[in-house]
Amino acid sequence: MSLHKAQSIQRKRLLARAAFFLLFVLAPPLDIFRLDLGLGHLILFGQDWTLGGGALLAGEITAYQAALRIVLFGFVPIVLLVAAGFVISWKFGRIYCGWMCPHFTVVEVINGLMRRASGKPTLWEKERLPERQPDGRIETPDRHYWLLTVPAIAAFALLWAVVLLTYLLPPQEIYGNLLSGTLTRNQTIFIAAATTAFFVEFLLARHLFCRFGCAVGLFQSYVWMFNKRALAVGFDHTRKEACIDCNAACENACPMRLKPRSIKRRMFSCTECGRCIQACNEVQADNPQGSLLQWVSGVCAGDVSERDFGRKYVCYDERCFLQNRHAPPGAIMPVANPVGSCCAGGCDDATIEQSLDQAEDEWKSGSANSGTG
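For the sequence shown, numbering that gives the first Met the number 0 gives the first residue as 0, with consecutive numbering after it.
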């Protein structure tokens, strides 16, 4: 992946996150989706979404019709939603988190502000991150940014508290009472308690909640872990010498504070945001071989997942991202994938292993001859 493409992806991700955050805020006022506790049912795209319990008690429908509504309007949508989430998570992991989740948007914004204020994206970071950014810019921490960071956290907390309440009660009532200063006692207690809780969470436990407390995120991660060919961030460890002086730019860029060069098991909470890939592209901008990190899927993802179990990885694709896959450890071989043409046509494991061994023997023989010559 080129630097231009990595930057373009981040711009698209920014637009996607902004659009979904706006949808998150406006869905209740526009009656796109909300649960009205007063009415006792969902409202979806302006229509009442009921299971027919009230109509059954009123004698308007039969028991059979009520049971049918429960299946069609309750059971089926839940099954379809879970199935869609399973399929997406199976192929792409936590892509919802990295590209749409409004909570993760807050995580990234506050991480950036905290880094400008203290040099650390979270209060739990042991050391300051390097001032030199992957693109070469120097960002020196400035304590004055706390004057922006703390109010931003409070504003996000209040916004989330109010928006959450509009998902439960009529939005016109909540916003009207808020603007006129006539919130009811219960509304005031809810907003005050929720704002306090969100403030503490946004200040202290943003990415920790994402990693260990979010049911939606954990569901995506567990499904993703079972698919060895799912989309993942791949590290070209055959060129690891090229990243010895980058100050761990990919790790510093990760909002979840993960180590992108590691195996899949240790990237359990990866949100597929791609910020580590962009950072590596920026650091390796002058390297003709390009970034050492990129998204991989299919057979190439085996390098990330199979190494979880200490197994020898065999790339079946001539476009394998491991550029020096068949070189002995520590050596540099300019052949991307000598058995690519064979594997592209489809080979069994025995043929592939034989081809790999033959390619490595030929390379060693050629290196020895050139050394003696």
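Just so you know, even glycine gets a beta-carbon here, dropped at the ideal spot from N, CA and C. Bear in mind that the values here come from a model prediction, so they are computed numbers and not experimental data.
Classify residue i: buried if its beta carbon has 16 or more other beta carbons within 10 angstroms, exposed otherwise.
i	result
V78	exposed
P150	exposed
G216	buried
E240	exposed
T121	buried
I243	exposed
W223	buried
I31	exposed
T148	buried
L14	exposed
A229	buried
Do you know how far the Cα of residue j is from the Cα of residue i?
i	j	result
Q288	C279	12 Å
A160	P28	15 Å
G273	A5	8 Å
R115	I137	11 Å
A62	G73	15 Å
I331	N286	Caution is warranted here: a pLDDT of 38 is assigned to I331, below 50, making its placement in the model unreliable, and the coordinate value is therefore given only provisionally. Approximately 15 Å between the Cα atoms of the pair.
Y374	V295	Residue 374 is absent from the structure shown; the chain starts at 0 and stops at 372.
G97	Q219	12 Å
E124	M266	18 Å
A214	H206	14 Å
D235	L146	41 Å
G58	G37	21 Å
F198	A66	43 Å
L203	A252	19 Å
D302	S261	11 Å
A192	K263	38 Å
For the ligand COA, is there any heavy atom lying closer than 6 Å to the beta carbon of residue i?
i	result
L22	Of ligands this structure carries none, so the ligand COA is not represented either.
Under 7 Å between the Cβ atoms of residue i and residue j?
i	j	result
G92	E271	yes
F19	M99	yes
C275	C249	yes
L232	P259	First, the amino acid is wrong: residue 232 is Val here, not Leu. Yes, these two residues count as a Cβ contact at 7 Å.
R127	K119	yes
T165	I173	yes
L378	W48	In the structure as shown, the chain begins at 0 and stops at 372. Residue 378 is therefore absent and cannot be evaluated.
A156	F201	yes
P133	S117	no
R238	L291	yes
G51	I60	yes
L22	L167	no
Q186	M0	no
S179	K227	no
A196	L2	no
From the options, pick the residue whose C-alpha is nearest to that of residue i; which is it?
i	options	result
A17	G297, F74 and V108	V108
A247	F23, V199, E281 and S7	E281
L163	T194, V105, T181 and G135	T194
A54	I69, F218 and L43	I69
R10	L292, Q277, V303 and G301	Q277
A398	V75, I190, L22 and D302	The question about residue 398 has no answer here: the residues shown for the chain are numbered 0 through 372.
L43	A65, L67, P76 and L13	P76
A26	G135, N251 and P170	P170
F208	G135, H102 and N110	H102
G135	C245, R12, S268 and G297	C245
Runs of alpha helix (DSSP H) wholly within the segment 252-313 (minimum 4 residues, chain order): 274-282 and 301-304
Runs of 4 residues minimum, wholly inside the segment 38-69: which ones carry the alpha helix (DSSP H) assignment? 52-56 and 62-69
Quick one: which unbroken alpha helix (DSSP H) runs of 4-plus residues sit fully inside the segment 156-236? Chain order, please. 170-179, 184-203, 205-211 and 214-224
Continuous beta strand (DSSP E) assignments of at least 3 residues falling wholly in the segment 128-157: none
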